[in-house]
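**Student:** Please read through the structure below; I'll follow up with questions.
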Amino acid sequence: MSKLLSRRKFLYGMGLGASALLVGLYGSLVQGAKGAITGGIQNRSNDYLQQARVTLFNDDLSFFREVRSNDQGEYSFGHLPSGSYKLGISAKGFAYEETKVEMRNSRQTLRFVLEQETEQGRWEVIGDTTPERFGGTNSGVLMPDGRIIFCHNTIDPVVFDPVSREKSFPKQSAEMSHSSNSMQGCHNVSHLLDGRVLYVGGGTLDNQGNFSAGQSAIRIVKAFDPKTARWEVFPPMNEVRWYPGLARLQDGDLLTFGGGQQPAKLRTATCEIFSQDTKEWKSTDSLTAEGGFGPTALLYTGEVFVSWYPPQLFNVETGRWRNTTNFRQPRRGTGEQAGQSVLGSGELPQLGDHPDHSIVVLPDGRVAAIGIWGAAMENGGSMVEIFDPASERWSLGANPQTIRAHPEVLQLPDGRIFVAAGAPQAGEKVFTNEWGYTNAVDLYDPLADSWRKMSPMKNAREYHAITLLLPDGRVLVHAGAGRPAFNPPPSVSEEIEAFSPPYLFRGPRPEIHSISATDLARGDSFSFELSFPAQLTDVKLIGVNAITHFLDAGIPRLLELPFSQSESKISAQIPTDSLKVMAGYYLLFAMTDDVPSIGRFVRVRAD
Numbered sequence: 012m013s014k015l016l017s018r019r020k021f022l023y024g025m026g027l028g029a030s031a032l033l034v035g036l037y038g039s040l041v042q043g044a045k046g047a048i049t050g051g052i053q054n055r056s057n058d059y060l061q062q063a064r065v066t067l068f069n070d071d072l073s074f075f076r077e078v079r080s081n082d083q084g085e086y087s088f089g090h091l092p093s094g095s096y097k098l099g100i101s102a103k104g105f106a107y108e109e110t111k112v113e114m115r116n117s118r119q120t121l122r123f124v125l126e127q128e129t130e131q132g133r134w135e136v137i138g139d140t141t142p143e144r145f146g147g148t149n150s151g152v153l154m155p156d157g158r159i160i161f162c163h164n165t166i167d168p169v170v171f172d173p174v175s176r177e178k179s180f181p182k183q184s185a186e187m188s189h190s191s192n193s194m195q196g197c198h199n200v201s202h203l204l205d206g207r208v209l210y211v212g213g214g215t216l217d218n219q220g221n222f223s224a225g226q227s228a229i230r231i232v233k234a235f236d237p238k239t240a241r242w243e244v245f246p247p248m249n250e251v252r253w254y255p256g257l258a259r260l261q262d263g264d265l266l267t268f269g270g271g272q273q274p275a276k277l278r279t280a281t282c283e284i285f286s287q288d289t290k291e292w293k294s295t296d297s298l299t300a301e302g303g304f305g306p307t308a309l310l311y312t313g314e315v316f317v318s319w320y321p322p323q324l325f326n327v328e329t330g331r332w333r334n335t336t337n338f339r340q341p342r343r344g345t346g347e348q349a350g351q352s353v354l355g356s357g358e359l360p361q362l363g364d365h366p367d368h369s370i371v372v373l374p375d376g377r378v379a380a381i382g383i384w385g386a387a388m389e390n391g392g393s394m395v396e397i398f399d400p401a402s403e404r405w406s407l408g409a410n411p412q413t414i415r416a417h418p419e420v421l422q423l424p425d426g427r428i429f430v431a432a433g434a435p436q437a438g439e440k441v442f443t444n445e446w447g448y449t450n451a452v453d454l455y456d457p458l459a460d461s462w463r464k465m466s467p468m469k470n471a472r473e474y475h476a477i478t479l480l481l482p483d484g485r486v487l488v489h490a491g492a493g494r495p496a497f498n499p500p501p502s503v504s505e506e507i508e509a510f511s512p513p514y515l516f517r518g519p520r521p522e523i524h525s526i527s528a529t530d531l532a533r534g535d536s537f538s539f540e541l542s543f544p545a546q547l548t549d550v551k552l553i554g555v556n557a558i559t560h561f562l563d564a565g566i567p568r569l570l571e572l573p574f575s576q577s578e579s580k581i582s583a584q585i586p587t588d589s590l591k592v593m594a595g596y597y598l599l600f601a602m603t604d605d606v607p608s609i610g611r612f613v614r615v616r617a618d
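In short: position in the sequence shown from 1, add 11, done, that's the working numbering.
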């Protein structure tokens with residue numbers, strides 16, 4: 012198969028749905044005229060499905076037409092040349108249906124009854140990190156060239172290409188300067204505005220790769236350049252920080268907070284800010300309580316939200332922290348680690364506890380905290396709590412079939428949230444490994460407040476797993492397959508898994524063929540061409556991930572851009588609001604309903 016046909020197959024043919032019922036197919040020859048296809052679309056209740064996407068195309072997409080069903084669920088294509096086609100029908104919440112059509116100057120009527128969506132996504136092992144094993148001290152970052160750097164101590168990282176499936180080891184260059192010259196395990200990680208990966212703080216590790224008794228927190232800060240595979244050491248932080256918290260600010264500066272100061276102190280309340288311009292650190296106000304390493308994000312309000320612990324807000328303008336409203340279910344923490352609850356009734360988290368949740372900033376500016384220990388559930392009980400920055404109040408969301416703590420949480424371009432693995436509460440009837448972690452996967456729709464079960468991953472994983480959104484719309488998951496908090500032994504899987512969400516099985520995907528600019532300022536207009544004239548419903552930017560544990564110090568944004576379309580040409584604009592459009596790297600997706608294009612990397616500058 013040619014490379015072109017292979018790419019086209021990925022764009023529209025990852026699998027055909029079979030959940031619709033073809034009710035009628037009638038054909039009659041019309042001599043001397045080109046063909047036509049008409050029909051209607053309903054659900055099982057005989058309701059008309061309005062604005063369903065109807066596509067007619069050939070195998071290589073050199074012929075492509077798209078229409079929407081009208082108020083009566085009707086659609087039509089006219090003036091069709093003879094040939095072999097595929098007719099695809101999709102509507103949000105319903106299974107995709109695709110059927111072959113032979114046109115020979117005929118007029119055909121095809122009617123469809125769509126079933127509820129049942130596609131659960133599909134998993135594939137796409138590589139491994141052998142001989143390196145990641146868990147306990149590791150991070151993973153999607154770099155602007157599409158490759159991923161997995162790292163646990165900055166001495167022996169692994170760079171992996173999820174497209175070619177090739178891996179490389181920067182330390183094995185002929186010039187040993189390509190390897191870091193200082194150990195930096197248990198760090199936090201983010202992107203610099205020039206595309207390098209910044210490693211902040213951490214600690215020394217023992218011979219087994221663990222932060223054991225006798226190890227020390229460090230102040231080291233350095234960056235990895237994906238273009239040269241070289242490291243650069245920056246001025247150190249003002250204080251040592253083992254697993255510091257890390258939040259991106261609107262122009263790319265970084266707020267680090269808390270962390271451990273072993274061997275002297277388990278946690279600190281101090282904070283400092285890293286300047287992208289000077290590469291130096293400046294101390295700022297302290298947390299309201301000693302802590303750090305909590306899920307964090309810059310809100311649309313301009314304050315930095317930290318959910319752990321207690322929930323608090325940092326005002327960037329005044330440089331001051333203040334507490335905000337606590338969870339409705341506040342008894343969170345390390346909890347049922349290894350199946351043993353360490354929280355008594357009514358007891359609040361203790362110093363040094365890990366949070367049981369991760370957070371996502373929703374497109375409307377609210378924050379979803381997902382994950383909970385069963386012992387903490389109260390007030391009706393939910394794995395989801397939603398924080399509204401306007402009222403500073405929490406509300407409970409719906410529960411999935413399997414309630415769990417420490418899940419992998421990742422926002423997808425269609426607005427749904429990927430939730431995988433974690434530690435189920437006691438009594439859940441779901442597979443767990445010997446350490447009490449599961450391989451279960453769900454999708455959460457925050458707009459509908461609903462869950463849908465997905466196909467399980469191959470390996471159960473704990474909170475040291477790395478979960479990243481890839482440019483092609485898949486989700487990559489690696490690490491965390493062993494015992495929590497320990498570097499895994501050789502017996503633990505080093506496999507890298509990739510999940511294809513249901514939106515990759517819903518017909519032809521829009522394809523960005525060319526783009527006028529990928530280095531943009533707020534307020535800039537830009538354009539791109541589609542390879543075929545798909546009718547877009549959205550143009551979106553989603554921040555590129557930089558992950559360790561349950562934290563993402565990438566850009567916590569899923570933004571809709573204003574756009575216009577003229578056939579295959581799209582004109583779009585970057586919003587001017589710097590609190591929403593943070594400086595840094597994004598993936599640009601062209602969307603047709605919930606179906607994304609392959610993403611293109613763009614950078615929003617700080618100017």
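Glycine residues also receive a C-beta, built at the ideal position from the N, C-alpha and C atoms.
Keep in mind it's a predicted model, so treat the numbers as computed, not measured.
Could you round the C-beta distance between G484 and L515 to whole angstroms and report it? I think they count as a contact, below 8 Å.
**Tutor:** About 6 Å separates the two Cβ atoms, so the contact holds.
**Student:** Could you tell me whether the Cβ atoms of T449 and A432 are closer together than 8 Å?
**Tutor:** In this structure, A432 lies closer than 8 Å to T449 by Cβ.
**Student:** For G138, which option in S73, G84 and P173 has the closest C-alpha, if you only look at C-alpha atoms?
**Tutor:** Looking at the Cα atoms, P173 is the closest of the given residues.
**Student:** What number of angstroms, rounded off, separates the C-alpha of P366 from the C-alpha of G382?
**Tutor:** Rounded to the nearest angstrom, the two C-alpha atoms are 9 Å apart.
**Student:** Whole angstroms is fine: what's the gap from I166's alpha carbon to T239's?
**Tutor:** Straight-line Cα distance between these residues: approximately 16 Å.
**Student:** Compare the Cα-Cα distances from I523 to each of S538, P513, G534 and S511 and report the closest residue.
**Tutor:** The option with the nearest alpha carbon to I523 is S538.
**Student:** Counting beta carbon pairs with one atom in the segment 253-263 and one in the segment 557-570, are three or more of them shorter than 8 Å?
**Tutor:** At 8 Å Cβ cutoff, the stretches touch.
**Student:** Give me the Cα-Cα distance between D618 and L91, rounded to the nearest whole angstrom.
**Tutor:** Answer to the nearest angstrom: the Cα atoms are 50 Å apart.
**Student:** Would you call the segment 50-67 and the segment 88-102 touching, i.e. three or more CB-CB distances under 8 Å?
**Tutor:** Contact holds: three or more Cβ-Cβ distances are below 8 Å.
**Student:** Of all the options S297, G305 and P321, which has the alpha carbon lying nearest to the alpha carbon of T329?
**Tutor:** Residue S297 is the option with its Cα nearest to T329.
**Student:** When we look at the beta-carbon of A437 and count the other beta-carbons within 10 Å, is it buried (16 or more) or exposed?
**Tutor:** So A437 counts as exposed.
**Student:** Is the distance from the Cβ of I397 to the Cβ of A416 below 8 Å?
**Tutor:** No.
**Student:** Just how far apart, CA to CA, sit F600 and A275?
**Tutor:** Computed Cα separation, rounded: 47 Å.
**Student:** Going by alpha carbons, who is nearest to L487 out of G493, R494 and L479?
**Tutor:** Answer by Cα proximity: L479.
**Student:** Please report the straight-line C-alpha distance between R133 and S589, rounded to a whole angstrom.
**Tutor:** If I take the Cα positions, the gap works out to 37 Å.
**Student:** Is it buried or exposed for E128, if we count other Cβ within 10 angstroms and need 16 for buried?
**Tutor:** The residue is buried, with at least 16 neighbouring Cβ atoms inside 10 Å.
**Student:** Using the beta-carbon count (16 or more within 10 Å), is G534 buried or exposed?
**Tutor:** Under this definition G534 is an exposed residue.
**Student:** Using the C-alpha atoms, what's the distance from N164 back to E177?
**Tutor:** Looking at the two C-alpha atoms, the distance is approximately 21 Å.
**Student:** For K45, tell me which candidate among V420, D549 and S117 has the shortest Cα-Cα distance.
**Tutor:** Of the candidates V420, D549 and S117, the one whose C-alpha sits nearest the C-alpha of K45 is S117.
**Student:** What residue ranges within the segment 125-198 form continuous beta strand (DSSP E) runs of no fewer than 3 residues, ordered along the chain?
**Tutor:** Those beta strand (DSSP E) runs which fall completely within the segment 125-198 and span 3+ residues are 133-139, 150-153, 159-162 and 169-171.
**Student:** So, with DSSP's three-state summary, where would you put P513?
**Tutor:** Residue state, collapsed to three classes: helix.
**Student:** If I'm right that R568 touches M593 with Cβ under 8 Å, what's the distance once you round it to whole angstroms?
**Tutor:** At roughly 6 Å, the Cβ-Cβ gap stays under 8 Å, so R568 and M593 are in contact.
**Student:** Can you have a look at K233 and say buried or exposed, based on whether 16 or more other CB atoms are within 10 angstroms of its CB?
**Tutor:** When all chains shown are included, K233 counts as buried.
**Student:** Please name the residue or residues paired with P435 in a DSSP beta bridge.
**Tutor:** DSSP lists R415 as partners of P435.
**Student:** Here's the rule: buried if 16 or more other CB atoms are within 10 angstroms of the residue's CB, otherwise exposed. What is L324?
**Tutor:** Looking at its Cβ environment, which holds 16 or more other Cβ atoms inside 10 Å, L324 is buried.
**Student:** Tell me where the beta strand (DSSP E) around V550 begins and ends.
**Tutor:** Where V550 is concerned, the enclosing beta strand (DSSP E) stretches over D549 to G554.
**Student:** Which of the three DSSP states, helix, strand or coil, is assigned to G376?
**Tutor:** It is coil, neither helix nor strand.
**Student:** What residue from S286, H475, P495 and G426 has the CA that sits closest to S461's CA?
**Tutor:** Measuring from the Cα of S461, the nearest candidate turns out to be G426.
**Student:** Please report the residue range of the beta strand (DSSP E) in which Q53 lies.
**Tutor:** Residues G46 to N54.
**Student:** Using DSSP's beta-bridge definition, name the partner residues of F574.
**Tutor:** Its beta-bridge partners are A583.
**Student:** With distances taken Cα to Cα, identify the nearest neighbour of E126 among P247, T148 and I52.
**Tutor:** Nearest of P247, T148 and I52 to E126, Cα basis: I52.
**Student:** In three-state DSSP terms, what is G387?
**Tutor:** As written in the sequence, residue 387 is Ala, which differs from the Gly given in the question. In the structure shown, A387 sits in a helix (DSSP, three-state: H, G or I).
**Student:** Could you say which of R144, N249, G213 and Q584 lies nearest to M194 if we only look at CA atoms?
**Tutor:** It is G213.
**Student:** Helix, strand or coil for R463 per DSSP?
**Tutor:** Strand at R463.
**Student:** For V372, collect the residues of the same chain with a Cβ closer than 6 Å to its Cβ; drop the 5 residues on either side in sequence, then sort them by chain order.
**Tutor:** If we look at V372 and ignore the five residues flanking it on each side, its Cβ neighbours are A308, V378 and P567.
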